[in-house]
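Here is the structure we will look at, set down as structure tokens.
There are 2 protein chains.
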Amino acid sequence: MAETRWLDEREMAAWKGFLEATSRVSRHLEQQLKEDAGLSHAQYEILVRLSAAPGGEVRMTDLAHGLFTSKSGLTYQVSQLEKHGLVERRSCPTDVRGVLAVLTPEGRDTLRAAAPGHVAAVRAALIDVLERDELDVLAHALGRVGARLRPAGQDSGMADSGGISTSSS
Amino acid sequence: MAETRWLDEREMAAWKGFLEATSRVSRHLEQQLKEDAGLSHAQYEILVRLSAAPGGEVRMTDLAHGLFTSKSGLTYQVSQLEKHGLVERRSCPTDVRGVLAVLTPEGRDTLRAAAPGHVAAVRAALIDVLERDELDVLAHALGRVGARLRPAGQDSGMADSGGISTSSS
DNA sequence: GACAGGTGGTTCAGATTTGAAGAACTGGGA
DNA sequence: TCCCAGTTCTTCAAATCTGAACCACCTGTC
């Protein structure tokens, strides 16, 4: 094994900054969503993906890609959403095994209600804290970082999940 | 309530990049540590903090600051470490309520053994993917982001946790 | 058509996390 | 001294997450 290349001061600063920002932002948004909308971040993301899809329906598998939980985790979260009436399960017409998650009207309403507060929180926690050029560097650099760790042959899943949380509705 | 300021394209790219990089890196490192050293990232961080402290001992409370888990989470993780003989609990001499977590020799060995692989993984996943200037921008920008969400009157807890994982031993 | 191998989702047990509640104690003022 | 508010840490139940095991099903091949 080669000699270990330890982190120098600047590298360490970047790593620690990343670690701290990461956990604080995630915890902060998790709480904001829970308080304001009764949703976990994972659930919010599911709703966003569904709302962006034509018909408001997406195969479980497609949902799992790009959504950063395990398959069983997704099953669990969708069940929770179903229990609250925000999503329905429907069997896939082209593949009997398949299951479609379908956004209900209540789900769409919930998302519509939650989105403004969430976007505001994202701005306050991250976006509006950054300068314009920092924002771009961050987007490029972290984009590369994320892409490299992406399972082979998998689309970003982030490419166009725009929907309610992105552009003006 | 003011009109919602939705995210424009560049802002959205930054946010999504952040989200994806965040979860992929964290998941990746979690697995690397688990496989190579049988530690969770949280446990690794605890060991690092202890190894950097004089005497290898730190109050639970001090450990909790800067470590991004709840108090009960810390109790749980320290119990796990104790069960594996990497850490001992000792009561604090200056405050009967207090508990000191103390690094055992086995704990120090475990950390020493785990550190090179972990640093290599951090490099491969994040640090070596970034250009020099991106690294600095990221450190400054995310440093600011993390600091803003820091509970009032709390030191970074990241300031000097150097120890084994930082500089050349 | 029948088979082998891969896919899609769920279920399960076990690990982890969280906030709330509790038990024990400190510290400073009346 | 006594009391009260605040601190420290643990315990508890409930929620969540994970990987492995599992069943049902699709698909390409012979």
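Protein sequence lines correspond, in order, to chains E and Z. Just so we're aligned, residue 35 is where the first sequence starts under our numbering, counting upward by one. Just so we're aligned, residue 35 is where the second sequence starts under our numbering, counting upward by one. Ideal Cβ positions, reconstructed from N, Cα and C, are used throughout, including at glycine.
Taking 8 Å as the cut-off, the Cβ atoms of T56/Z and S125/E do not count as close. Look at the region 161-182 of chain Z: the residues with a C-beta under 7 Å from a C-beta of chain E are I161, V163, L164, E168, L169, D170, V171, L172, A173, A175, L176, G177, R178, V179, G180, R182.
Taking one beta carbon from each stretch, the region 143-153 of chain Z and the region 137-145 of chain E have fewer than 3 pairs nearer than 8 Å; the two do not touch. In this structure the region 170-181 of chain Z lies against the region 168-185 of chain E, because at least three pairs of beta carbons, one per stretch, are closer than 8 Å. Annotation: the region 93-127 of chain E contains the following complete segments of the beta strand (DSSP E) (minimum length 3 residues), in chain order: 121-125. Beyond the five residues adjoining it in sequence on each side, L108/E comes within less than 7 Å, by CB distance, of M94, L97, A98, L101 in the same chain, given in chain order. Contact between the region 126-135 of chain Z and the region 83-93 of chain Z is present: three or more C-beta pairs spanning the two stretches fall below 8 Å. For the 8 Å CB-CB criterion, R157/E and R39/Z form a contact.
Boundaries of the alpha helix (DSSP H) harbouring V82/E: 75-86, taken from the DSSP string. Around the Cβ of R166/E, a 10 Å sphere holds fewer than 16 other Cβ atoms; the residue is exposed. Note on geometry: alpha-carbon atoms of L63/Z and D70/Z lie some 10 Å from one another. Using a CB distance cut-off of 8 Å, E45/E counts as an interface residue toward chain Z. For A135/Z, the uninterrupted beta strand (DSSP E) segment begins and ends at 133-137. Nearest CB-CB separation between L41/Z and chain E: below the 8 Å threshold.
Think of a sphere of 8 Å around the beta carbon of S57/Z: the chain E residues whose beta carbon falls inside it are F102, in chain order. CA-CA distance, L67/E to Y110/Z, rounds to 26 Å.
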